[in-house]
Amino acid sequence: MAYYRRVGDIPPKRHTQHRTPEGGLYYEELMGEEGFSSDSSLLYHSGVPSAIVDATPWELPDQTLTENRPLLPRHLKLHDLFDEDWKAVDAVTGRRLVLGNADVRLSYVVCGEASPLYRNAIGDECVYVESGSATVETVFGVLSARQGDYVLLPRATTHRWVPTGSDPLRLYVIEANSHIAPPKRYLSRYGQLLEHAPYCERDLHGPGEPLLAEGTDVEVLVKHRGSRGITGTRYVYPTHPFDVVGWDGCLYPYTFNISDFEPITGRVHQPPPVHQVFEGTNFVVCNFVPRKVDYHPLSVPVPYYHSNVDSDEVMFYCGGNYEARKGSGIGQGSISLHPGGHSHGPQPGAVERSLGVEFFDELAVMVDTFRPLELGEGGLASEDPAYAWTWSGRGPA
1 MAYYRRVGDI PPKRHTQHRT PEGGLYYEEL MGEEGFSSDS SLLYHSGVPS
51 AIVDATPWEL PDQTLTENRP LLPRHLKLHD LFDEDWKAVD AVTGRRLVLG
101 NADVRLSYVV CGEASPLYRN AIGDECVYVE SGSATVETVF GVLSARQGDY
151 VLLPRATTHR WVPTGSDPLR LYVIEANSHI APPKRYLSRY GQLLEHAPYC
201 ERDLHGPGEP LLAEGTDVEV LVKHRGSRGI TGTRYVYPTH PFDVVGWDGC
251 LYPYTFNISD FEPITGRVHQ PPPVHQVFEG TNFVVCNFVP RKVDYHPLSV
301 PVPYYHSNVD SDEVMFYCGG NYEARKGSGI GQGSISLHPG GHSHGPQPGA
351 VERSLGVEFF DELAVMVDTF RPLELGEGGL ASEDPAYAWT WSGRGPA
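Numbering follows UniProt numbering, with no gaps: position 266 of the sequence shown is 266.
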């Protein structure tokens, strides 16, 4: 995120003395990507950021993955995963793993409780707010999150989710094993979003002022790598991590609302890359938003049938009516998984119904991965077993 931002109290020159009003020193911390060769920010703490007084194992929610075998397109009904108990669930420990591979994990949570302090030391998180609202408190400051927001949290950002209002907070969580950023083709060689990009820096909203909190023996949950995969540790800090009086740089959390994405359309059906919003290592994130559709007189607005030769396609349906899936049982809160090796496309009748249509009122978040996805416990628990047979109208004998 090469877009410079300065917040709070910082010294005129980096790596120089920065003193408190009482004459003591603030502690400078460099938070950077890819060693010292990519984006970074400098944060100035009142306390020593490395100081811990306790560390114990943290047992993560179930991270088990099950192979998609036999190879099937699948429909997962995520709204079935949570009931009225959501009021006692938080956005971190309540996540249920839906799909995952070595590059990315997709989870879902419906929650009403404030989460513990947390940081993901494995990769960036891109959290889509399906509904509800929250305050996201971070070491960089506060973000306000509302329906339709993507919340981008760089790797190792200490933060917590605090739901606001009485409605459930529904979050679709994309956890990378890498960094998540705008597609390179949208960026100049210096990192500015270009004129052909479907959004610009004005649409990105970062923290505006420091969040200062006090406390002693403060717990932080850390998700990190272990010798057998993903694991967790519970740290206890002698002072509160939110003791940053100021920071500056090009690495920080921010929000981007899906309504600020300007769709790219054409005379005939446009391929999925025109809908791309972010990318990580071996996966991309795309938006399908309300838009005018193809205006060639003989156009077919819904997608053509296509084989995912190199990728698995995951679509999270979060608003409107997705034209190509009518009649399949898919609705708000559904996920479709169309794996590599399976040719997929519109449901029967969708092509004919789309002819002459000028506008699609649909909202969906798509993740395409370039390694096969496996099913998490949340995916297995929410599957609609009839979906694979909806194109043919008949199941196995």
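For glycine and all other residues, C-beta sits at the position ideal for the given N, C-alpha and C. Computed from a predicted model, the values in this text were never measured in an experiment.
Express the C-alpha separation of residue j and residue i in angstroms, rounding to a whole number.
i, j, result
"E29", "L211", "16 angstroms"
"V92", "A114", "9 angstroms"
"A364", "G23", "53 angstroms"
"H159", "V245", "16 angstroms"
"C318", "A121", "28 angstroms"
"E221", "T157", "Checking the sequence, you will find Leu at residue 221 rather than Glu. Between L221 and T157, the C-alpha separation is close to 11 angstroms."
"D243", "D39", "22 angstroms"
"R119", "K223", "7 angstroms"
"S259", "A213", "33 angstroms"
"V184", "C286", "For the sequence presented, residue 184 should be read as Lys rather than Val. Approximately 14 angstroms, taken between the alpha carbons."
"L60", "L117", "14 angstroms"
"L193", "Y150", "17 angstroms"
"R155", "G226", "16 angstroms"
"L153", "Y4", "16 angstroms"
"G206", "D384", "39 angstroms"
"L106", "Q17", "43 angstroms"
"T265", "P198", "11 angstroms"
"D103", "P21", "46 angstroms"
"H45", "G141", "13 angstroms"
"R353", "V7", "52 angstroms"
"G112", "L298", "49 angstroms"
"L76", "P182", "28 angstroms"
"F278", "L187", "12 angstroms"
According to DSSP, is residue i helix, strand or coil?
i, result
"S354", "helix"
"V293", "coil"
"E201", "helix"
"L169", "strand"
"W391", "coil"
"W86", "helix"
"P273", "helix"
"I258", "helix"
"G379", "helix"
"residue 400", "Given a span of 1 to 397 for the chain in the structure shown, any question on residue 400 remains unanswerable."
"R225", "strand"
"D217", "coil"
"L81", "helix"
"R185", "helix"
"R325", "helix"
"N287", "strand"
"E67", "coil"
"N101", "coil"
"R96", "strand"
"S38", "coil"
"N282", "coil"
Going by C-alpha distance, which of the options is nearest residue i?
i, options, result
"V302", "N287, V244, Y26 and G356", "G356"
"W389", "H338, S382, L363 and M366", "H338"
"G333", "A55, E22, P290 and Y108", "Y108"
"T10", "F36, L43, R353 and G32", "Note that residue 10 is Ile in the sequence shown here, rather than Thr. Taking only the C-alpha atoms, the option nearest I10 is L43."
"T216", "T16, R170, D312 and P238", "P238"
"V300", "D260, V351 and E279", "V351"
"V289", "N282, F316, S41 and Y295", "F316"
"R267", "T281, K292, H15 and G395", "K292"
"residue 406", "R170, F261, G249 and P61", "A question about residue 406 goes unanswered here, because the residues of the chain that appear run from 1 up to 397."
"E84", "V98, S41, F283 and R170", "R170"
"residue 400", "Y27, G8 and E201", "In the structure as shown, the chain starts at 1 and stops at 397, and residue 400 therefore has no counterpart that could be examined."
"Y190", "L78, C250 and V314", "C250"
"V34", "G123, F359, M366 and P241", "Inspection of the sequence shows that residue 34 is occupied by Glu rather than by Val. The option with the nearest alpha carbon to E34 is G123."
"P163", "R353, W86, L25 and A181", "W86"
"P12", "H296, F360, D248 and G376", "D248"
"E323", "S307, G232 and Q347", "Q347"
"L99", "G132, V110, T64 and H79", "T64"
"V218", "Y387, E313, E374 and P241", "P241"
"E374", "V314, L25, H79 and F359", "V314"
"G229", "D62, L25 and M31", "D62"
"G320", "S382, F359 and E377", "F359"
Which residues does DSSP list as the beta-bridge partners of residue i?
i, result
"E362", "G320"
"T20", "Note: T20 sits in no beta bridge, so no partner."
"W161", "V136"
"R74", "L337"
"H45", "Y27 and V244"
"I230", "R225"
"R5", "G249"
"S144", "T135"
"H306", "H344"
When you measure from the CB of residue i to every non-hydrogen atom of the ligand MN, does any distance come out below 7 angstroms?
i, result
"Y317", "Although the ligand MN was asked about, the structure shown includes no ligands whatsoever."
* At least three beta-carbon pairs within less than 8 angstroms, the region 135 to 142 to the region 252 to 262 -> yes
* Examine the Cβ distances between the region 124 to 132 and the region 169 to 176 and report whether three or more of them are shorter than 8 angstroms. => yes
* Contact between the region 266 to 282 and the region 83 to 90 (3+ Cβ pairs under 8 angstroms) -> no
* Asked: Is there contact between the region 226 to 236 and the region 54 to 74, where contact requires at least three CB pairs shorter than 8 angstroms?
  -> yes
* To do: Determine, using beta-carbon pairs with one atom in the region 367 to 376 and one in the region 319 to 330, whether at least three such pairs fall under 8 angstroms.
  => no
* Asked: Counting pairs of beta carbons, one from the region 45 to 52 and one from the region 67 to 84, are three or more of them closer than 8 angstroms?
  -> no
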